[in-house]
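Enquirer:
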Amino acid sequence: MQINSNQKTINKYEIPIAPYLKDLSSVAMYLDEMNFQLLTQIEPYKNNNIWTAVSLHGFGACPSDIFKPGFTKNKIIVDTKLQWTTLRNQSVMKPLCEIVFNLPCDFERIRIMKLLSGKALKKHTDNIDNDIKNKKVVRLHIPIRTSNDVIFTLYNNEEDKVGEEINLKTGHYYYLDVTKPHSVRNKSSVDRYHLVVDCFVNDELKALLHNFTP
Numbered sequence: 001m002q003i004n005s006n007q008k009t010i011n012k013y014e015i016p017i018a019p020y021l022k023d024l025s026s027v028a029m030y031l032d033e034m035n036f037q038l039l040t041q042i043e044p045y046k047n048n049n050i051w052t053a054v055s056l057h058g059f060g061a062c063p064s065d066i067f068k069p070g071f072t073k074n075k076i077i078v079d080t081k082l083q084w085t086t087l088r089n090q091s092v093m094k095p096l097c098e099i100v101f102n103l104p105c106d107f108e109r110i111r112i113m114k115l116l117s118g119k120a121l122k123k124h125t126d127n128i129d130n131d132i133k134n135k136k137v138v139r140l141h142i143p144i145r146t147s148n149d150v151i152f153t154l155y156n157n158e159e160d161k162v163g164e165e166i167n168l169k170t171g172h173y174y175y176l177d178v179t180k181p182h183s184v185r186n187k188s189s190v191d192r193y194h195l196v197v198d199c200f201v202n203d204e205l206k207a208l209l210h211n212f213t214p
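See the structure below:
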């Protein structure tokens with residue numbers, strides 16, 4: 001793991017790990033051709049086709065195994081053993097593995113989340129996942145393809161109607177407290193991809209996130 005010591009390049013949500021600055025366009029183009037799994041069990045996004053994911057690491061060997069035991073509210077059968085999916089074996093995924101292995105922790109789910117061009121996610125929290133809610137697991141975001149026209153808005157609470165608008169950079173590591181309400185707008189002409197890494201909290205990770213008190 002290489003620490004990013006240039007604090008001037010870090011916004012308050014960026015983790016001080018040196019960003020991955022190599023070109024990720026080949027990864028994004030590969031993802032453009034993949035079939036993504038609907039996040040169908042989460043309201044208000046049931047069957048709307050705009051919020052989808054594939055798994056790099058999770059409870060199953062298939063990239064469509066994005067769900068978690070006890071988490072789904074449908075009839076999908078979920079394995080109970082954490083494992084890498086077959087997606088890891090694709091050579092085009094090597095950059096994502098390099099990004100992930102820069103993190104000093106064990107992993108729960110690692111997913112690639114897709115938000116379609118021109119679409120938006122309404123204000124919500126990720127507290128449907130109790131491990132996220134209880135901070136046993138923290139969720140980190142590393143954009144694979146994004147733009148200045150993709151806006152992540154983080155709110156202090158449900159009553160906050162304005163929030164703080166945040167732009168995230170490709171290849172940079174971010175901790176955004178998704179136990180708080182947040183929304184996303186993709187006003188760009190391309191689909192947005194984030195590598196979303198669910199990390200089991202340990203002392204080394206806590207040291208990196210000391211400004212965030214996860």
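Heads up, the sequence shown is in my numbering, so the first residue is 1 and it goes up one at a time.
Glycine residues also receive a C-beta, built at the ideal position from the N, C-alpha and C atoms.
Are at least three pairs of beta-carbons, each pair with one atom in the stretch 84–94 and one in the stretch 141–150, less than 8 Å apart?
Expert: Taking 8 Å as the limit for Cβ pairs, the verdict is that the stretch 141–150 does not touch the stretch 84–94.
Enquirer: Which value, in whole angstroms, describes the spacing of the CA atoms of Phe36 and Cys62?
Expert: Taking the straight line joining both Cα atoms gives about 11 Å.
Enquirer: Which term fits Pro19, buried or exposed, when burial requires 16 or more other beta carbons within 10 angstroms of its beta carbon?
Expert: The residue in question, Pro19, is buried, as its Cβ has 16 or more Cβ neighbours within 10 Å.
Enquirer: Do you know offhand how far Thr80's Cα is from Pro69's?
Expert: Rounded to the nearest angstrom, the two C-alpha atoms are 6 Å apart.
Enquirer: Since Ile110 is in the beta strand (DSSP E), which residue starts that stretch and which ends it?
Expert: It spans Phe107 to Leu115 - the beta strand (DSSP E) in which Ile110 sits, taken as one unbroken run.
Enquirer: Grab the span of the alpha helix (DSSP H) containing Val201 for me, first residue to last.
Expert: Neither: Val201 is in no alpha helix (DSSP H) and is coded neither H nor E.
Enquirer: Grab me the residues of Phe59's own chain with a C-beta within less than 8 Å of its C-beta, minus the 5 sequence neighbours each way, in chain order.
Expert: Cβ within range, chain order: Asp65, Phe67, Lys68, Pro69, Val78, Asp79, Thr80, Lys81, Leu82, Gln83 and Arg109.
Enquirer: Beta strand (DSSP E) containing Val150: first to last residue?
Expert: Val150 to Leu154 is the extent of the beta strand (DSSP E) around Val150.
Enquirer: Does DSSP classify Leu56 as helix, strand or coil?
Expert: Three-state result, Leu56: strand.
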